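Read the structure below first, then the notes.
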Amino acid sequence: MSSRPMPPPNPLTAGFWEAARRHELVLQRCACGRFRHYPQPLCPECYGGDWSWVPVSGKGAIYTYTVTHRPFHPAWAGQTPYVVATVELPEGVRMVSDLPPEDTEAVRIGAPVEVFFDDHEAVTLPRFRLVR
Amino acid sequence: MSRAGTCAIAGIANTPYTRGTDKSTLDLHLEASLAALADAGLTPADVDGVLPSASAGRTAEDFILNLGLRDLAFAPTAHMGGASLISSIQNACLAIDAGVASCVLVPAGRRGYSGERISAGRGVMEPIMSTLVEFEAPYGNVGAAQWFAQAAQRHMHEYGTTSEQLGHVAVTCRAHANLNPQALMYGKPMTLADHQASRMITTPFRLLDCSLESDGAGALVITSADRARSLGRGDALIAGVGEAHSSAPTSITQKPDVAVVRSLQVAAARAFAMAGITVAEADTVLIHEGFSWYVIAALEALGVVKPGEGGPFVADGNIRLGGPLPVNPHGGALSEGHVSGVNHVIEGVRQLRRTVEPARQVPDCATVVVVNEGNFFDGTVLVLEKGQ
Ligand SMILES: [Zn+2]
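Quick look at the structure:
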């Protein structure tokens, strides 16, 4: 069975993945206070390049989702249907995650979710699951 | 800038649309290019501008080499995915108006079935997709169907849009394709029940909500309106063009509001202002639709209806041939073929030339609006007007 594609971190994003390895969800926060994701060099509000990684709770809500019945990548062959969800965090950013199989039937827009950490050989993926 | 029809599409052609080909993407582009030049009454020796297709991997050098282009003066490449074609048309007009080029070739097309077939995991991840590769692909969000499905799901949540309404788009496009012998789905009628019974791909999209993975290419020849008239090809004047890039550009799911295609609103406003029209003047709208939902979203973005009214609008039969605003009289990417949007422009020109099959000719067609969509909701809009 093919494994899921793993992220190729770069110097800008390395801090995000290092924190995930420690089972911590961090987001880029500009010196002006604005959070942003995905990582980028400059703040689009104040154009400042002064930012840090800030730990967040990882609580959020489903903004939208799709239940995928056809594997678009060999890693999900035999694992359909699976949910791809866009999660809205209170910090004002969105993250994409697949949900655990037990959430497939229950997923709804607006449903609360929380982060968990999915350890793989070289990378830990922050993922989300429904809060029940 | 006021274009006021200073340029025209003087030549059009396409290869057959197929599912399976031995030809390379370059073969297809060259075949369409030679035929489009012949349609305009021109030869490769007349070409001084060529706008290759980044998403098909083509470069100006391919055309210099194979068409013997000795004096190429202009060869920029747009990076807007499926919205690139109309961006290239805008670039061609700018170059012609500025005197940088006089005869510009715009080829497009793909091997979406035999080559970069998305459902077989052979989609191409361009550099613009690097954040998606890092932050979405590991979670299985790897196909355009999934990105657009999430937008459609949110649209349904906010406005009550239904699967049946999506189905009306697919059924309308199929009905039109059954009047078009070159459509891949010619001779294959489809009902709303067929749509509803088709297998789920990624909710809310069923198989029949998805455009056709197909092989084929088309090409346009753009020149000044005066020259087009002298060639006897002055029917399709370029009255307005608009291009708009969406923000955030990294992913559909990062848009502030995924249920609205804001870039298309902006592109349409630009194109309509340039052409001096309102959308109410369009006799037909041709929408490059990867998925049925995009037709609904585009009608809302163009201002044909208000946000949320697109579903009922299509279900009431308004976009059928014979209705108030026929959409995709060729069958579109859903039922004619998915050829990077070039087939939509070609159909627009044929409608103005009145050379389509009589059953699908839009009566007195004088104003055509073409919408291209690409990347993560980039939008481009073209307004064509009937000239002499
Ligand atoms: Zn800032």
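Residue numbers (the working numbering), protein chains in the order written: chain R, -9 to 122; chain W, 1224 to 1611. All C-beta atoms in this analysis are idealised placements derived from N, C-alpha and C, irrespective of residue type, glycine included. This one's a predicted model, so the numbers in the text were calculated from it and none came from an experiment.
Cα-Cα separation between residue i and residue j, rounded to whole angstroms
i: C1396 (chain W); j: P1275 (chain W); result: 29 Å
i: G1280 (chain W); j: T1248 (chain W); result: 9 Å
i: A133 (chain R); j: D109 (chain R); result: Only positions -9 to 122 of chain R appear in this structure, which leaves residue 133 (chain R) out of reach.
i: S1225 (chain W); j: A1298 (chain W); result: Below a pLDDT of 50, predicted positions are generally treated as unreliable, and S1225 (chain W), at 44, falls in that range; no measurement from the model is reported.
i: A1306 (chain W); j: N1541 (chain W); result: 25 Å
i: G5 (chain R); j: E14 (chain R); result: 11 Å
i: A1283 (chain W); j: H1380 (chain W); result: 45 Å
i: P34 (chain R); j: G1560 (chain W); result: 39 Å
i: F107 (chain R); j: F1600 (chain W); result: 31 Å
i: F1286 (chain W); j: R1450 (chain W); result: 23 Å
i: A1448 (chain W); j: G1228 (chain W); result: 7 Å
i: S1421 (chain W); j: H1553 (chain W); result: 22 Å
i: E8 (chain R); j: Q18 (chain R); result: 13 Å
i: P1549 (chain W); j: A1393 (chain W); result: 13 Å
i: V86 (chain R); j: L1355 (chain W); result: 9 Å
i: P1581 (chain W); j: R1573 (chain W); result: 11 Å
i: S1310 (chain W); j: M1408 (chain W); result: 29 Å
i: T1244 (chain W); j: V1562 (chain W); result: 14 Å
i: F1358 (chain W); j: D1432 (chain W); result: 27 Å
i: H63 (chain R); j: P(-5) (chain R); result: 9 Å
i: Y1362 (chain W); j: I1569 (chain W); result: 38 Å
i: T76 (chain R); j: Y55 (chain R); result: 6 Å
i: K1246 (chain W); j: L1257 (chain W); result: 15 Å
i: F1514 (chain W); j: E1504 (chain W); result: 25 Å
i: A1375 (chain W); j: L1607 (chain W); result: 29 Å
i: A1498 (chain W); j: W1516 (chain W); result: 27 Å
Identity of the residue in the options nearest residue i by Cα
i: A1490 (chain W); options: W:D1506, W:A1503, W:V1464; result: W:V1464
i: V1604 (chain W); options: W:P1549, W:L1522, W:L1557; result: W:L1522
i: S1558 (chain W); options: W:L1443, W:K1411, W:F1428; result: W:K1411
i: S1337 (chain W); options: W:S1437, W:V1550, W:I1510; result: W:S1437
i: A1538 (chain W); options: W:A1582, W:S1386, W:A1296, W:A1268; result: W:S1386
i: H1391 (chain W); options: W:G1602, W:Q1419, W:M1423; result: W:Q1419
i: V74 (chain R); options: R:P80, R:E81, R:W66; result: R:W66
i: V22 (chain R); options: R:P29, R:S42, R:T3; result: The sequence shown places Cys at residue 22 (chain R), not Val. Of the listed residues, the one whose Cα sits closest to C22 (chain R) is R:S42.
i: Y72 (chain R); options: W:V1365, W:T1414, W:S1515, W:Y1382; result: W:V1365
i: N1566 (chain W); options: W:Q1388, W:L1355, W:R1333; result: W:R1333
i: N1403 (chain W); options: W:Y1240, W:V1594, W:R1576; result: W:Y1240
i: R98 (chain R); options: R:V121, R:H63, R:F25; result: R:V121
i: A1398 (chain W); options: W:Q1405, W:Q1388, W:M1413; result: W:M1413
i: V103 (chain R); options: R:L115, R:T58, R:Y28, R:P80; result: R:P80
Bridge partner(s) assigned by DSSP for residue i
i: N1551 (chain W); result: Its beta-bridge partners do not exist; DSSP assigns none.
i: L17 (chain R); result: R:V44
i: G1439 (chain W); result: W:R1333
i: Y36 (chain R); result: Here the sequence assigns Cys to residue 36 (chain R), which means Tyr is not the residue at that position. Looking at the DSSP assignment, C36 (chain R) forms no beta bridge with any residue, so it has no partner.
i: P102 (chain R); result: R:A51
i: F1297 (chain W); result: W:G1272
i: P116 (chain R); result: R:F107
i: M85 (chain R); result: R:V77
i: S1447 (chain W); result: W:C1230
i: A1467 (chain W); result: W:G1602
i: A1236 (chain W); result: W:A1442
i: C1326 (chain W); result: W:T1446
i: I1461 (chain W); result: W:C1230, W:L1607
Contact belief for residue i with residue j at Cβ below 8 Å, rounded distance in angstroms
i: F1495 (chain W); j: V1502 (chain W); result: 6 Å
i: V1270 (chain W); j: C1326 (chain W); result: 5 Å
i: Q1477 (chain W); j: R84 (chain R); result: 6 Å
i: I1445 (chain W); j: I1232 (chain W); result: 6 Å
i: Y37 (chain R); j: E78 (chain R); result: The pair is not a contact, with the Cβ atoms about 25 Å apart (cut-off 8 Å).
i: T1590 (chain W); j: I1500 (chain W); result: 6 Å
i: E1596 (chain W); j: H1511 (chain W); result: 6 Å
i: A1442 (chain W); j: A1236 (chain W); result: 6 Å
i: V1481 (chain W); j: Q1373 (chain W); result: 6 Å
i: G1610 (chain W); j: L1460 (chain W); result: 4 Å
i: S1434 (chain W); j: A1331 (chain W); result: Not a contact, Cβ separation roughly 15 Å.
i: A1440 (chain W); j: L1251 (chain W); result: 4 Å
i: S1486 (chain W); j: G1304 (chain W); result: Their Cβ separation, rounded to whole angstroms, is 12 Å, which puts S1486 (chain W) and G1304 (chain W) out of contact at 8 Å.
i: G1328 (chain W); j: G1383 (chain W); result: What sits at residue 1328 (chain W) in the sequence shown is Leu, not Gly. So it is not a contact: roughly 46 Å between Cβ atoms.
i: T1238 (chain W); j: A1255 (chain W); result: 5 Å
Interfacial residues, the segment 1354 to 1370 of chain W to chain R, with Cβ spacing under 8 Å: T1354, V1356, E1357, F1358, E1359, A1360, P1361, Y1362, G1363, N1364, V1365, G1366, A1368, Q1369
What are the residues of the segment 43 to 61 of chain R that lie near chain W, defined by any Cβ-Cβ distance shorter than 9 Å? Y53, T54, Y55, T56, V57, T58, H59, R60, P61
Please list the residues of the segment 1553 to 1585 of chain W that have a C-beta atom closer than 7 Å to any C-beta atom in chain R, keeping them in chain order. none
Could you list the residues in the segment 1402 to 1422 of chain W with a C-beta less than 9 Å from some C-beta on chain R, going in chain order? R1422
At a CB distance below 8 Å, what residues from the segment 1372 to 1389 of chain W approach chain R? Give them in sequence order. A1372, Q1373, A1374, Q1376, R1377, H1380
Which residues, in order along the segment 1475 to 1505 of chain W, keep a beta-carbon less than 7 Å from a beta-carbon of chain R? T1476, Q1477, V1481
Give me the subset of the segment 1424 to 1446 of chain W whose CB atoms are less than 7 Å from a CB atom of chain R, sorted by chain position. I1424, T1425, T1426
Name, going along the chain, the residues of the segment 81 to 100 of chain R whose beta-carbon falls closer than 8 Å to a beta-carbon of chain W. R84, M85, V86, S87, D88, I99
Members of the segment 1457 to 1475 of chain W near chain R, C-beta cut-off 7 Å: T1473
Interface positions of the segment 29 to 42 of chain R facing chain W (Cβ-Cβ less than 9 Å), listed along the chain: P29, Q30, P34
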